[in-house]
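To start, the structure itself, in structure tokens.
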DNA sequence: TGACAAGTACCAACCAGTTGGTATGTTTTT
DNA sequence: AAAAACATACCAACTGGTTGGTACTTGTCA
């Protein structure tokens, strides 16, 4: 075996690098360990190829870890699927929480700001702007209820962040239509998910952005005086 | 081998059943041959499980044919995928062409009629009302351009059937907005595709119907005086 | 402080079952 | 008779998952 030969050379190099730096930080956001690397790889690969078509081996290669590491952190591929959905929820949750549109004063402006923001990030590589949980939902809704629920939670919890502004907008503008804030919030997500499918079908984001513009026009027609 | 023993028994039973009935019909719409049965099985199974997760063996069992028959009619699984998309296009094309909303006189009414019709058929089992080509697109857009193009053609050609009415509605109601008939037609499909994802995520069609209602409200706001 | 036990993180090789696909018939239609 | 439509038996490659083991970290107690 070459193990005993290669080891003493590689070991002293990797050892005393960056331990004291991480110490004072309360909770390191992203330790570059195997679990995190696998989840990160999953976010990209699954959006690119779909859940079923993405193999455990491919995930391991992309993450630069071995299969042993994979099954140390996840009991099964499906368990990684659940974790990936939750990881997606956390990642995108933080991303949208930091977005600038929250600073606007008017609820309608914030809402339109959100839509504009969503439209602006539809750009470049398709796998980069499409939605992990929307993709996974399509594939596993009938076969894996746990992944499906994790995906549903991700979509609906994101939609729920819009409800206060929608509710305020309805009250503010005197819109007491025959719909609930929750249903309109869900509708915005439906448009986005559908827009992603059109983008995938046509191979570019233009159709998707155009659809989001229609959604914006709808909101303006609802809430503009 | 049991082959020579079992055969003479099974053969005479299946032989003289129903040949003369199909003969006088000029072009049988749906010959119950292996190819058609496989395509029909594909429509259901792929919508239920996704394209990748649906195996050739499962398709053969569902269609009641053997693998030999499968690869006699399709060079590969991917070729069946393309054929399934085209079969879907033909099937749904005929279905919508026969729908009652076409008899309405006003283009806006026809448009709203279409939306109502789409809403009404969101009912019952999820695999029954969701879209084959939308599902397939999500999975193979990056890996199989031919299937993707077949799916794109299916979605866009269906959207194109709405364009004349949208164009007439815009002319009629004096709506010369900053959007094209094609973009609004595409938007309707985006909403539907997204609605299907929400239905899959939540496990029932209510959210989907609600989203289609928002689409209807948008069209009414656009075209109503 | 340092030795030592115990857990955590990881790895390479392997396994049984499944996958899409093929080779070679047999039957049915024309 | 010949070609098309099907069936049977099989295979190589790949799949998710397991195995037995190593390296590193951490808690504990003398």
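Residue numbers (our numbering), protein chains in the order written: chain A, 18 to 242; chain B, 18 to 242.
All C-beta atoms in this analysis are idealised placements derived from N, C-alpha and C, irrespective of residue type, glycine included.
Per DSSP, the continuous alpha helix (DSSP H) segment holding residue 150 of chain B begins and ends at 149-157. If only complete runs of 4 or more residues are kept, the region 107-143 of chain B shows the alpha helix (DSSP H) at 124-137, in order along the chain. Going by beta carbons, residue 212 of chain B and residue 225 of chain B fall inside the 7 Å limit. For residue 94 of chain A, the CB contacts under 6 Å within the same chain, skipping 5 residues up- and downstream, are 73 in chain order. Residue contact with chain B for residue 168 of chain A: present (Cβ-Cβ distance below 7 Å to some residue of chain B). In the DSSP assignment, residue 228 of chain A falls within the unbroken alpha helix (DSSP H) covering 223-240. Within chain A, the residues whose beta carbon sits less than 9 Å from that of residue 143 of chain B are 158 and 159, listed in sequence order. For residue 160 of chain A, no alpha helix (DSSP H) segment is defined, and its DSSP state is neither H nor E. Distances from the alpha-carbon of residue 101 of chain B to those of B/163, B/230, B/221 and B/237 put B/163 closest.
Cβ-Cβ distances below 6 Å link residue 125 of chain A to 186 and 240 in the same chain, with the five nearest sequence neighbours on each side left out; the list follows chain order. Taking CB atoms only, residue 103 of chain A has no neighbour in chain B less than 7 Å away. In the structure shown, the three-state DSSP call for residue 182 of chain A is helix.
Chain B places no beta carbon closer than 7 Å to that of residue 178 of chain A, leaving this residue out of the contacts. Distance from the CA atom of residue 173 of chain A to the CA atom of residue 149 of chain A, rounded to whole angstroms, is 14 Å. In the structure shown, residue 188 of chain A falls within a helical segment according to DSSP collapsed to helix, strand and coil. The three-state reading of DSSP puts residue 88 of chain B in helix, counting H, G and I together.
If you compare the alpha carbons of B/183, B/200 and B/118 with that of residue 192 of chain B, the shortest gap goes to B/183.
For a Cβ distance threshold of 9 Å, nothing in chain A lies close to residue 140 of chain B: the least Cβ distance comes to about 17 Å.
Taking 7 Å as the threshold, the shortest C-beta distance from residue 62 of chain A to chain B does not fall below it.
In the DSSP assignment, residue 78 of chain A falls within the alpha helix (DSSP H) that extends over 73-80. Shown here is that no member of the region 73-100 of chain A has a Cβ falling below 7 Å from a Cβ of chain B. Going by DSSP, residue 211 of chain B is part of the alpha helix (DSSP H) stretching over 198-219. For residue 125 of chain B, the nearest beta carbon of chain A is not closer than 7 Å to its own beta carbon. At a cut-off of 7 Å between beta carbons, residue 238 of chain B contacts chain A.
Listed along the chain, the chain B residues whose CB falls inside 7 Å of the CB of residue 201 of chain A are 231. The C-beta distance from residue 160 of chain B to residue 70 of chain A rounds to 7 Å, short enough to fall under 8 Å. Take residue 198 of chain A, set aside five residues on each side of it, and the residues of its chain with a beta-carbon closer than 7 Å to its own are 180, 183, 184 and 187, in chain order. At a cut-off of 7 Å between beta-carbon atoms, residue 205 of chain B makes no contact with chain A. Looking at A/64, A/234 and A/227, the one whose alpha-carbon comes closest to that of residue 137 of chain A is A/227. Residue-level contact check: residue 109 of chain A does not touch chain B, since none of the beta carbons of chain B fall below 7 Å from its beta carbon. The Cβ of residue 235 of chain B sits closer than 7 Å to at least one Cβ of chain A. Secondary structure note for residue 51 of chain B: its alpha helix (DSSP H) is the uninterrupted segment 51-66. Within 7 Å of the CB of residue 165 of chain A, the CB atoms of chain B belong to 218, in sequence order along the chain.
Sequence-ordered contacts of the region 181-193 of chain A with chain B are nonexistent [C-beta pairs closer than 8 Å].
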